[in-house]
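J.:
Encoded structure:
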């Protein structure tokens with residue numbers, strides 16, 4: 190009815206449509222309402238997502254501030270539905286324009302809690318509890334869409350773009366950076382791609398005995414500063430300075446497979462010279478940090 194009244198009063202169509210649908214989304218499927226209403230209308234979709242987020246985050250902030258949270262099958266205030274709706278608003282309806290930042294659910298949640306003034310629970314406790322709840326709802330939505338459980342764990346656990354202070358719920362804005370199935374990514378792509386496998390190999394090699402990290406099949410690798418180290422260094426430096434969408438960054442990470450393999454073929458990581466060894470371990474850490482911005486690869490199952 191609010192949408193009808195606004196249309197009659199001559200309000201912008203995007204505003205009227207957002208008000209009409211602002212209690213949505215409810216269902217977790219990417220094609221469920223109101224997907225059809227905003228198909229091909231990115232501007233209107235962002236207005237709707239902003240209104241829906243404001244409503245749902247306000248609900249969560251208020252109830253968690255009173256110490257109310259769902260337990261077992263008990264959820265009299267529909268907080269699970271509100272949390273899932275907030276997650277889906279970001280996943281499916283906030284499609285950032287070029288250069289536009291996607292919403293950070295943790296930051297928005299803090300703003301919602303601050304808007305209440307005095308609460309029964311301390312604000313820090315309220316934010317922490319509600320943020321953990323949102324992260325759980327994000328995991329639920331992704332799992333309901335068929336994303337494998339270890340991939341959900343890996344992606345939700347990782348901060349994006351080197352922002353470790355942000356909580357797990359902030360990862361929900363993977364709408365444009367870490368797309369879930371139904372928005373252009375399949376369950377087999379690209380989290381289990383060649384780049385992540387090559388990086389897993391690096392993680393595992395570092396966990397082996399120091400001498401095992403410098404030899405394969407009885408052949409001792411060269412402890413010299415060879416082309417293998419230079420190739421990985423150049424690749425890591427280039428990707429570290431690169432910007433772009435999630436898909437572009439993931440394709441760049443996949444390109445590390447060959448430099449990583451060459452590095453472990455040609456370079457003795459655990460060199461006897463402490464300074465040389467430290468430099469090589471630091472290079473590996475830089476390479477791994479690029480992957481950890483997208484996924485905590487230690488949580489991915491399967492063979493490397």
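In this note's numbering, the protein residues as written are 190 to 493. The beta carbon of each residue, even a glycine, is placed where N, CA and C say it ideally should be.
#1: So, is residue 252 buried or exposed, given that buried needs 16 or more other C-beta atoms within 10 angstroms?
#2: Excluding sequence positions up to five away, which residues of its chain have a Cβ less than 6 Å from the Cβ of residue 191?
#3: Looking at the unbroken alpha helix (DSSP H) that takes in residue 302, where does it start and where does it end?
#4: Which two residues bound the contiguous alpha helix (DSSP H) that contains residue 242?
#5: Measure from the alpha carbon of residue 479 to the alpha carbon of each residue in 418, 442, 290 and 457, then state which is nearest.
#6: Less than 9 Å between the beta carbons of residue 245 and residue 272, yes or no?
#7: Apart from the five residues on each side of it in sequence, which residues of its chain come closer than 7 Å, Cβ to Cβ, to residue 316?
#8: In whole angstroms, what separates the C-alpha of residue 294 from that of residue 462?
#9: Can you find at least 3 beta carbon pairs, one from the segment 317-331 and one from the segment 266-281, that sit closer than 8 Å?
#10: Am I right that residue 421 and residue 470 are in contact with their C-beta atoms under 8 Å? What's the rounded C-beta distance?
#11: Output the distance between the C-alpha atoms of residue 456 and residue 211, rounded to the nearest integer angstrom.
#12: Please report the distance separating the alpha-carbon of residue 206 from that of residue 243.
#13: Between the C-alpha atoms of residue 193 and residue 220, what's the straight-line distance to the nearest angstrom?
#14: Residues bridged to residue 263 by DSSP?
#15: Could you tell me the distance, in whole angstroms, from the CA atom of residue 459 to the CA atom of residue 448?
#16: By a C-beta neighbour count over all protein chains shown, 10 Å radius and 16 as the cutoff for buried, is residue 254 buried or exposed?
#17: What would DSSP say about residue 472, mapped onto helix, strand or coil?
T.: According to the structure shown:
#1: buried
#2: 208
#3: 294-303
#4: 231-254
#5: 442
#6: yes
#7: 298, 299 and 302
#8: 46 Å
#9: yes
#10: About 12 Å separates the two Cβ atoms, so there is no contact after all.
#11: 57 Å
#12: 16 Å
#13: 24 Å
#14: 260
#15: 18 Å
#16: buried
#17: helix
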